[in-house]
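Residue numbers (the numbering used here): 35 to 148.
Yeah, the Cβ is synthetic: ideal placement off N, Cα and C, and Gly gets one too.
These notes concern the structure reproduced below.
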Ligand code: 5GP
Ligand code: ZN
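Given below as structure tokens:
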């Protein structure tokens, strides 16, 4: 299939992989929007949350679980998890993916937490 993320899943396009299992691959976003920016991508080609079927309803949960594991591996204390849905929702790649964003420093908060 002519899909960038399917090609990354099959290692036909290289990526910086944090980890993968039978269902999910976690790799660095090539144009990061945060100091730490990874994509959590299912091995199965599903276009978007808006086209998710009943049969695949567990997949977003698997992505969130993989993102939680990735955040722990990366030592992130706080982070954002984002699904962009459809062009008007900022989705460019039509293969379901969860953005893991983090790594910002917050001087005021860091002082408060100290
Ligand atoms: P979207 O806007 O569809 O939610 O996010 C797609 C993301 O995929 C963007 O943040 C973009 O930087 C990233 N991206 C696009 N092409 C590639 C690629 O070939 N490799 C990697 N690692 N990331 C990509
Ligand atoms: Zn795909």
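Helix, strand or coil for residue 132 per DSSP?
The answer is strand: DSSP assigns residue 132 an E or B state.
Residue 143 to residue 46, Cα distance in whole Å?
Spanning the two alpha carbons is a distance of roughly 42 Å.
Kindly indicate which three-state DSSP category residue 42 falls into: helix, strand or coil?
Under the three-state reduction of DSSP output, residue 42 falls in the helix class.
Mind checking whether the beta-carbon of residue 43 lies closer than 6 Å to any heavy atom of ligand 1?
Because no heavy atom of ligand 1 lies under 6 Å away, the Cβ of residue 43 does not count as near it: no.
Endpoints, the beta strand (DSSP E) within which residue 73 is located:
Counting along the chain, the beta strand (DSSP E) containing residue 73 begins and ends at 70-76.
Ignoring anything shorter than 4 residues or poking outside the segment 83-128, list the alpha helix (DSSP H) runs there in chain order.
Qualifying alpha helix (DSSP H) stretches, in chain order: 93-108.
Counting contacts by CB-CB distance shorter than 7 Å, is residue 97 in contact with chain D?
Absent here is chain D; the protein component of the structure consists of one chain.
Kindly indicate which three-state DSSP category residue 146 falls into: helix, strand or coil?
Three-state result, residue 146: helix.
Please state the DSSP three-state secondary structure of residue 56.
Looking at residue 56 - three-state DSSP - the assignment turns out to be coil, as it is neither helix nor strand.
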